[in-house]
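> To convert a position in the sequence shown, counted from 1, into the working numbering, add 184.
Mind having a look at this structure? Questions to follow.
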Amino acid sequence: MDDTIPPVRFDTKIAVLIRDDLATWQRLNATAFLVSGISTAAPEVIGEPYADADGTAYLPMFRQPVLVFCGGKELLTAAHRRGIDRGLTMSVFTSDLFATGHDEANRAAVRAVPADQLDLVGLAVYGPRNAVDKTTKGARMHP
Numbered sequence: 185m186d187d188t189i190p191p192v193r194f195d196t197k198i199a200v201l202i203r204d205d206l207a208t209w210q211r212l213n214a215t216a217f218l219v220s221g222i223s224t225a226a227p228e229v230i231g232e233p234y235a236d237a238d239g240t241a242y243l244p245m246f247r248q249p250v251l252v253f254c255g256g257k258e259l260l261t262a263a264h265r266r267g268i269d270r271g272l273t274m275s276v277f278t279s280d281l282f283a284t285g286h287d288e289a290n291r292a293a294v295r296a297v298p299a300d301q302l303d304l305v306g307l308a309v310y311g312p313r314n315a316v317d318k319t320t321k322g323a324r325m326h327p
């Protein structure tokens with residue numbers, strides 16, 4: 185690794201907020217789905233493809249860290265409202281999605297519930313660092 189590359193401070197932030205009462209597999213599953221939404225809506229967050237010393241090619245990933253937080257149901261509801269009010273790019277994962285098996289069913293499950301009644305188990309937000317910090321206020325880093 186080249187230690188001469190200076191650290192970068194990003195003006196934007198990617199944060200995932202996961203409900204703290206989920207099973208481990210649910211936390212991991214929801215996190216994976218949530219960040220996939222950010223990558224498609226904000227292509228500027230994707231870096232260049234990777235390659236190892238042998239020239240084996242790998243997919244590009246986020247160009248900046250993804251911070252994963254956790255909190256209770258009420259915190260997720262408040263963060264969701266703050267994210268909407270700030271106009272942040274956001275993906276959501278509701279409890280209903282654990283029982284669906286494909287994208288069309290996922291979208292139908294979310295579409296069937298008004299925003300203020302979603303049973304959120306996770307959300308991901310992307311935007312200006314300060315706005316994301318205010319949106320996730322009260323959450324703690326995932327252990």
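Backbone N, C-alpha and C fix where the C-beta goes; we use that ideal spot for every residue, glycine too.
1) To the nearest angstrom, report how far apart Gly255 and Leu281 are at their CA atoms.
2) Quick check on Ser220: buried or exposed, where buried means 16 or more other Cβ atoms within 10 Å of its Cβ?
3) Taking the Cβ atom as the reference point for each residue, do Lys197 and Leu251 lie within a distance shorter than 8 Å?
4) Are the region 298-314 and the region 257-274 touching by the rule of at least three beta carbon pairs closer than 8 Å?
5) Does the contact criterion of 3 or more C-beta pairs under 8 Å hold for the region 220-238 versus the region 270-284?
6) Would Tyr310 pass as a contact of Ala214 if the rule is Cβ separation under 8 Å?
7) Could you give the distance in angstroms between the alpha-carbon of Asp195 and the alpha-carbon of Ala292?
8) Can you list, in chain order, the residues of its chain with a C-beta nearer than 8 Å to that of Asp205? Leave out the 5 residues immediately preceding and following it.
9) What do you get for Ile202, buried or exposed, if any count of 16 or more other CB atoms within 10 angstroms of its CB means buried?
10) Would you report the Cα separation of Ala237 and Pro249, rounded to the nearest angstrom?
11) Consult DSSP for Pro298 and reduce its assignment to one of helix, strand or coil.
12) What did DSSP end up calling Arg203 once you bin it into helix, strand or coil?
13) With respect to 7 Å, is the separation between the Cβ of Leu243 and the closest non-hydrogen atom of the ligand SAH below this value?
According to the data block:
1) 19 Å
2) exposed
3) yes
4) yes
5) yes
6) no
7) 34 Å
8) Gly256, Lys257
9) buried
10) 24 Å
11) coil
12) strand
13) As far as ligands go, the structure on display features none, and thus does not contain the ligand SAH.
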